[in-house]
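Numbering (this note's numbering), first residue to last: 4 to 784.
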């Protein structure tokens, strides 16, 4: 598939760039031209029917000067090539003429061997002094087209008497009717003037209808022998703007005698605007065979219409598709960018062919501006398209590119000078280089899904670059067709279509794969649901077992007020608390925390509860820890351990021992201070024989003891900050004067505020004991 795509796009690029097929049998043809005269800094050009010869572009192919005064150049052509060619000094106004002042017929040569062609040129058309002659022979030499360039006499101002053939114009100066930039006519151009041309018509063209083409961007009236022949647009009085009109269709003219006067009343009050844009402000007249001109105009209208429709509708259709894709899926912004880019390309095609189909000069000017706007849209949004495909975020330079493009567009729109256009073209070249950089980045990153669009943009850039070179006269138009860039647009459109089709194919394959994966996931989901339901039942049973191991009610101990709180982080938590009531009035409190959660933690809690019920009255608390460690190790729990704290209350004394638990906190009513009773030790289930410690402190009425697991001090907030021991002591101190229930409620409020919505990640257990009298005597069960 990829080879086929490359083959198709290769054909498009070959068409856009005008690459000729390679042949193996070629011969060298050397043209040696010896002009009798040549103006200073003059050059000799050859033009002909081959790409190497410029395809009849008068200034495309220059010959090289030689020391002997001749001009020569060697070309290679395949055997059997039929050459037709002429020589100029860079334009058809400076075409080579014979000794009688007539243009040569096309020189011809059939290439069958290495050849040197020697040509002597007696003169040049623009330097020939004499009356303008028209004849059938000259018309044939000029391939049926005679431009009336030379011998025009000019006078500024307006006077209808100047149309009279009897009027003496010998004092009038010769002028270039085209009013090119930088070449004002003698006497200046006030916006209106008259041009007169004396013609000598050979009998071979008398009474023969000839095609008459008037090309200009103003308004004119054409007089033949003093009689109004044609009116193009509306010539107004001096000082008033004319209504410009350009007639595209050929009209006819008939010469009935030998000597004739052709007079043109021409008005253009906007020559400064056009010459500033590098456009001629005057007019040109072309004569030729009427039938041929009508046929050529018909063919041109047909071809331009086809070009306009095809090269506008194809991008617009693709633009509509991508716009719909964007509307259905807005996150894919590249579809919106590319739709605008294609609208720009459609505008380029439409407005570039539009002038050939209209005669309104104002529409011609606006079409040029809109073509420029379309070009900027196409390049800028084409670049945005590649950015959106090649970057996760649009790079910062795109803002600079859009800003510069907008400023240049406004400047060129208002002041369409040649210098401004060159700056704009420079910007477009830079933007095109940026396009190439992004495309190369695709290849470097192996972005296979985007390489086709990259190839399309390369084809477009080649087409535009070739078109600019053709327009500048530096390269001949391929196949004799001056419209090149539209083939680049076609390459881009084809590449986009192929890429779109491949995207659809990839999406379809992904959908099929996702459907298969979804079916498999559905099966796995159902199996998982069954397994979860089973485990849920098991966990619920384990939870019921764990809850059954907690005290059903709190002991009522004279001299002590007790409150407890537990919050588990999963169905079966690892935290545990219990009380042992001895007959001598001793109260033993245990608070524990098994590592982990779930069923295994519940089993560990059950073991410790069993041991506590049977051995919780051990005189030396560390002995209980040693016995627990031995029992846990016999159970082979692996890496499951139990942190535990024992606190024994008797006769106003508290004896505490701990194995890996947070310190017990004691609030002293007399000093309003919080003491920390820290006893370090390994969790139960570790190495046997570890020397655990116990400590004893005196309690006074009003003192409050807080025993807890580490889940509270290790609370994290939404900024991933830990609560820590200092905040625990501060929160305890704030509420320690209240009842144990009030203390627990305050601790929970502070913890919830700290978490700020973040879930708890560990069990939390509080046991709060407040001393209400100095010496409790008994325990009420």
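The beta carbon of each residue, even a glycine, is placed where N, CA and C say it ideally should be.
C-alpha gap between residue i and residue j, whole angstroms
i, j, result
"residue 582", "residue 715", "21 Å"
"residue 652", "residue 658", "7 Å"
"residue 399", "residue 434", "14 Å"
"residue 489", "residue 320", "16 Å"
"residue 256", "residue 214", "6 Å"
"residue 64", "residue 56", "6 Å"
"residue 667", "residue 536", "40 Å"
"residue 443", "residue 45", "44 Å"
"residue 262", "residue 71", "43 Å"
"residue 766", "residue 597", "10 Å"
"residue 25", "residue 42", "In this predicted model, residue 25 has a pLDDT of only 48, less than 50, meaning its place in the structure is not dependable; the value taken from the coordinates is given anyway. So the two alpha carbons sit approximately 39 Å from each other."
"residue 250", "residue 58", "26 Å"
"residue 595", "residue 768", "9 Å"
"residue 190", "residue 159", "7 Å"
"residue 384", "residue 404", "10 Å"
"residue 632", "residue 755", "35 Å"
"residue 291", "residue 325", "48 Å"
"residue 347", "residue 499", "15 Å"
"residue 604", "residue 516", "42 Å"
Beta bridge counterpart(s) of residue i as assigned by DSSP
i, result
"residue 701", "656"
"residue 64", "49"
"residue 217", "288"
"residue 670", "677 and 707"
"residue 106", "100"
"residue 123", "37"
"residue 408", "DSSP output for residue 408 lists no bridge partner at all."
"residue 200", "265"
"residue 85", "113"
Burial state of residue i, where buried means 16 or more other Cβ atoms lie within 10 Å
i, result
"residue 547", "exposed"
"residue 507", "exposed"
"residue 501", "buried"
"residue 579", "buried"
"residue 530", "exposed"
"residue 61", "buried"
"residue 701", "exposed"
"residue 16", "Unreliable placement is indicated for residue 16, whose pLDDT of 42 sits below 50; no coordinate value is reported for it."
"residue 89", "buried"
"residue 612", "buried"
"residue 750", "buried"
"residue 622", "exposed"
"residue 77", "exposed"
"residue 459", "buried"
"residue 331", "exposed"
"residue 137", "buried"
"residue 409", "exposed"
"residue 312", "exposed"
"residue 469", "buried"
Three-state secondary structure assigned by DSSP to residue i
i, result
"residue 507", "helix"
"residue 502", "helix"
"residue 144", "helix"
"residue 559", "strand"
"residue 223", "strand"
"residue 152", "coil"
"residue 3", "Since the displayed the chain opens at 4 and closes at 784, residue 3 lies outside it and no answer follows."
"residue 234", "strand"
"residue 724", "coil"
"residue 650", "strand"
"residue 352", "helix"
"residue 25", "Reliability fails at residue 25, whose pLDDT of 48 lies under 50, so the model's placement of it is uncertain and no value is given."
"residue 18", "Per-residue confidence for residue 18 stands at a pLDDT of 44, beneath the threshold of 50, marking its modelled position as unreliable; no derived number is given."
"residue 569", "strand"
"residue 746", "helix"
"residue 243", "coil"
"residue 564", "strand"
"residue 469", "helix"
"residue 531", "helix"
Any non-hydrogen atom of the ligand PLP closer than 8 Å to residue i Cβ
i, result
"residue 247", "The ligand PLP is not among the ligands present in this structure, which contains no ligands whatsoever."
Of all the beta strand (DSSP E) runs that stay within the bounds of the region 251-278, which reach a length of 3 or more residues? 254-256 and 262-270
Go through the region 577-646 residue by residue and report every complete run of the beta strand (DSSP E) that reaches 3 residues or more, in order. 578-584 and 590-597
Extract the residue ranges of the alpha helix (DSSP H) inside the region 298-350, only unbroken runs of 4 or more that lie entirely within it. none
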